[in-house]
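Novice:
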Amino acid sequence: MKKWSALSLDIVLLAALALAPLYLSAYHLSLLGRFLALAVLSLGISVIWGWGGILSLGQGVFWGLGAYVLAMHLKLTGLAPGDLPDFMMWSGLDHLPAWWKIFEHPAVAIAGVVVIPTIAGGLLAWLVFNRRVSGVYFSLLTQALALAFSTLLISQQAYTGGFNGLTDFSTILGHPMIDPGFQRNIYWITLGVLVLASIACRWLTHTAFGRVLVAIRDGESRVRFLGYHPAAYKTIAFAFGAMLAGISGALYVVHVGVISPAMVGVIPSIEMVIAVAVGGRSSLTGVVLGTLLVNFGKDWISSAMPEMWQLAMGALFILVVTALPQGLAGIPGLVEKLVLWSKGKREAKMADQPAIALVEKD
Amino acid sequence: MGTPLLSVENVTVSFNGFNALDGMSLHLMPTSIRVLIGPNGAGKSTLLDTIIGHVRPSAGRVVFKGHEITRMDEYKIVRRGICRKFQAPGILDNLTVAENLNLAARRHRECWRSFSVGLNKEVRAQVERVLTLVGLNDRKHALAGQLSHGQKQWLEIGMVVASDAELLLLDEPAAGMSHDESAQTAALIRELAKQHSLLVIDHDMAFVDQLDAPVSVMHMGRMLREGTLEEIRNDPQIAAVYLGRVKEVSVA
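Same order as they appear, the protein sequences are chains X and U.
Just so it is clear: in the first sequence, position 65 is 65 by full-length UniProt numbering, and no numbers are missing.
Just so it is clear: in the second sequence, position 104 is 104 by full-length UniProt numbering, and no numbers are missing.
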């Protein structure tokens, strides 16, 4: 029963998203598209945080790696042969570094988007989790990493475009990016990737792997003393989350046409986590809804009252943590409880009535 | 005399200069019970920690089934066939009784072999067997966190058994149990000794008596005496060790 209602919610949500090009304006469709790209990232956070209990405050790093790799490719495809990206010329570089050149080929760029964040996340997780660093220490470490990453990007002006990042893309795989037909296609592609990512997460959390991951979250040492190697499970989960982050970043770049250090640092990394908390970290449908809600909210508030956004975000986070620890996904359970409670009250009243009637008859 | 299943040879463990284990030795035969007693701080739990790989000894070695396991990672030691029940129940409260046992009973614990949905027949049969053994059949769909204290202890013993380990380390399995529960636990342990070797720590002499097994007395990180409970009881030196402790406590 519960399973069916959850599934029907998924179907309604998917239908609403699939039909969005029919009822949304071009502007709102483009917003929805970029937020769906972010939802791919949220699914990854849900697996590592909701199931694995690992709170990463540095997902911006892996998201940024995917975004920058694709942005490098887009930057190169827009150039005439032999030309250098504008910011490299300004910085006095006279030839393209080899680690830029390889991303000229679209297949290499796409592989890089998937593989580079996965390896970076996996490597970090393996080193850290094998040393049994966990909990708040891990969160702080990833936060520091996000800061270091954005600082590094800003400082390497000649290779990364510095503070301004990479922008001014014209074509992708030969298609002009400003074309309205292209905008619609990219929406479909993003939705498709989100559906695939969501299926992958559902499968992963239903395997033995998913169950062991939850067990590690609840009692790491007990699981270790049953012969499991927690670091291996946590590493795979974290690398998977980093992979989804990278894919999300690349899709986002295609939607917005720019990537800069300000989009990958500490504040964005925290916003990513808040969106997941609002949706409910242990609900794959919840985190998608949470991401859409928080980002549309951000768009709306920051255009109406720009200075209010961070306050609103903070207030929202406090509200969710204190009143709705399971996020939006906790609402049905809460409603159910409320219904049961009022039903119980009514039944209690009805149970009282005959007794009163009997007394009156006498 | 066959070869021992487990040999602890002259193991020393020090924490900041204090030797929690100081040249400790112990040999355990297949399918046998050994009870470990001793005053608080004698090093009983440290010995279990060392066998399972949680604590690294500074000297000496631990040999299990003819292989040295002294400096191996915990999870690798467990995969070789040693499983431990902790003093405070280490069950997973948010999983059901059956799910706890499933986790323990899975044969393929390597991460790369965990990407399958559902359980194989062997594991399911093992879980059913253990549920009956520890008497939790009618609670199998209850959340582990909702069990009574005694049932939690049994569930953890069940997990250790379900893991199919040859050597079971039980740290105070009857702690906090009622008289009846503790008698049932003793019967369970005697039953388990038909297929496993067990190293049991306990303080409750009535419980130890029911196990009807050889007793090793530890003191100051060393083996003080081994024998039947009767012999131990009548040993004046052991009485002095325990009484000496009591005296120290009362002075403090």
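Even for Gly, the Cβ is constructed at its ideal location relative to N, Cα and C.
Could you work out which residues of chain X lie near Ser114(U), taking near to mean beta carbons separated by less than 7 Å?
Specialist: Result: Thr207, Ala208, Phe209 and Val212.
Novice: Among Leu133(U), Leu5(U), Val11(U) and Gln87(U), which has the Cα closest to the Cα of Arg61(U)?
Specialist: Here the closest residue by C-alpha is Val11(U).
Novice: Considering only DSSP beta bridges, list what residue 400(X) is partnered with.
Specialist: The structure shown has nothing for residue 400(X), since chain X only spans 1 to 362.
Novice: Do the segment 258 to 272 of chain X and the segment 47 to 55 of chain X meet, that is, are 3 or more Cβ pairs less than 8 Å apart?
Specialist: Too few Cβ pairs lie closer than 8 Å, so no.
Novice: Which of the three DSSP states, helix, strand or coil, is assigned to Glu226(U)?
Specialist: Here Glu226(U) sits in strand by DSSP.
Novice: Applying the 10 Å Cβ sphere with the 16-neighbour rule, what's the burial state of Arg346(X)?
Specialist: Label assigned to Arg346(X): exposed.
Novice: Excluding five sequence neighbours on each side, which residues of the same chain lie with their C-beta closer than 7 Å to the C-beta of Val214(X)?
Specialist: If we look at Val214(X) and ignore the five residues flanking it on each side, its Cβ neighbours are Trp51.
Novice: Consider the Cβ of Ser163(U): report whether some Cβ of chain X lies at a distance smaller than 7 Å.
Specialist: Yes, its Cβ sits closer than 7 Å to a Cβ of chain X.
Novice: Using the Cα positions of Val321(X) and Val278(X), report the straight-line distance between them to the nearest angstrom.
Specialist: The alpha-carbon atoms of Val321(X) and Val278(X) are separated by roughly 8 Å.
Novice: Please classify Met88(X): does DSSP put it in a helix, a strand, or coil?
Specialist: In this structure, Met88(X) counts as helix in the three-state DSSP scheme.
Novice: Taking any Cβ of chain X, which residues in the segment 52 to 68 of chain U have a Cβ under 7 Å from it, in chain order?
Specialist: Listed by position, the residues of the segment 52 to 68 of chain U near chain X (Cβ gap below 7 Å) are Ile52.
Novice: For Leu166(X), collect the residues of the same chain with a Cβ closer than 6 Å to its Cβ; drop the 5 residues on either side in sequence, then sort them by chain order.
Specialist: Once the five neighbours on either side are set aside, the close Cβ partners of Leu166(X) are Ala71, Lys75 and Ile259.
Novice: If the cut is a Cβ gap below 9 Å, which residues of chain X does Val127(U) touch?
Specialist: Within 9 Å Cβ-Cβ: nothing; Val127(U) doesn't reach chain X, min ~13 Å.
Novice: Just to confirm my understanding: we take Ile199(X), look at its own chain, exclude 5 residues before and 5 after, and list those with CB closer than 6 Å. What are they?
Specialist: Here the set comprises nothing.
Novice: Output the distance between the C-alpha atoms of Ala6(X) and Ser283(X), rounded to the nearest integer angstrom.
Specialist: Distance between the alpha carbons of Ala6(X) and Ser283(X) is about 10 Å.
Novice: Quick one, which of Ala142(U), Phe15(U) and Ala187(U) has its alpha-carbon nearest Leu92(U)'s?
Specialist: Ranking Ala142(U), Phe15(U) and Ala187(U) by Cα distance to Leu92(U) puts Ala142(U) first.
Novice: Can you tell me the Cα-Cα spacing of Glu99(U) and Ala165(U), whole angstroms?
Specialist: Each residue's alpha carbon lies about 18 Å from the other.
Novice: Under the DSSP definition of a beta bridge, which residues are partnered with Phe64(U)?
Specialist: Phe64(U) pairs with Leu6(U) and His67(U).
Novice: Indicate whether at least one CB of chain U lies closer than 7 Å to the CB of Phe225(X).
Specialist: Closer than 7 Å: yes.
Novice: Write down the C-beta distance between Phe35(X) and Pro117(X) rounded to the nearest angstrom, noting that I regard them as a contact closer than 8 Å.
Specialist: At roughly 20 Å, the Cβ-Cβ gap does not stay under 8 Å, so Phe35(X) and Pro117(X) are not in contact.
Novice: Glu74(U) touches chain X at which residues, Cβ-Cβ below 7 Å?
Specialist: Arg224 and Phe225, listed in chain order.
Novice: Taking only the alpha-carbon atoms, compute the straight-line gap between Gly78(X) and Gly90(U) and give it to the nearest angstrom.
Specialist: Each residue's Cα considered, the two are about 59 Å apart.
Novice: Tell me, please, whether the CB atom of Ala206(U) is closer than 7 Å to any CB atom in chain X?
Specialist: Closer than 7 Å: no.
Novice: Report the residues of the segment 97 to 124 of chain U with a CB closer than 9 Å to any CB of chain X, ordered along the chain.
Specialist: Those residues of the segment 97 to 124 of chain U that come within reach of chain X (Cβ to Cβ, closer than 9 Å) are Glu99, Asn100, Asn102, Leu103, Ala104, Arg106, His108, Arg109, Glu110, Cys111, Trp112, Arg113, Ser114, Phe115, Ser116, Val117, Gly118 and Leu119.
Novice: Where does Met272(X) sit, in a helix, a strand or coil, going by DSSP?
Specialist: Correct three-state label for Met272(X): helix.
Novice: Skipping 5 residues on each side, what residues in its chain have a beta carbon closer than 7 Å to that of Thr235(X)?
Specialist: The residues are Gly122, Ala125, Trp126 and Phe129.
Novice: Closer than 7 Å by beta-carbon distance: list the chain U residues that pair up with Tyr233(X), in chain order.
Specialist: Going along chain U in sequence order, the residues near Tyr233(X) (Cβ under 7 Å) are Cys111.
Novice: So, Gly44(X) versus Gly246(X), is the Cβ gap smaller than 7 Å?
Specialist: No, the pair does not count as a contact, with Cβ atoms beyond the cut-off.
Novice: With distances taken Cα to Cα, identify the nearest neighbour of Gly314(X) among Gly330(X), Ile274(X), Val288(X) and Ile301(X).
Specialist: Nearest of Gly330(X), Ile274(X), Val288(X) and Ile301(X) to Gly314(X), Cα basis: Ile274(X).
Novice: Compare the C-beta of Val130(U) with all C-beta atoms of chain X and state if any pair is closer than 7 Å.
Specialist: Not closer than 7 Å to any Cβ of chain X, the Cβ of Val130(U) fails to qualify, so no.
Novice: Would you report the Cα separation of Asp299(X) and Val12(X), rounded to the nearest angstrom?
Specialist: Spanning the two alpha carbons is a distance of roughly 24 Å.
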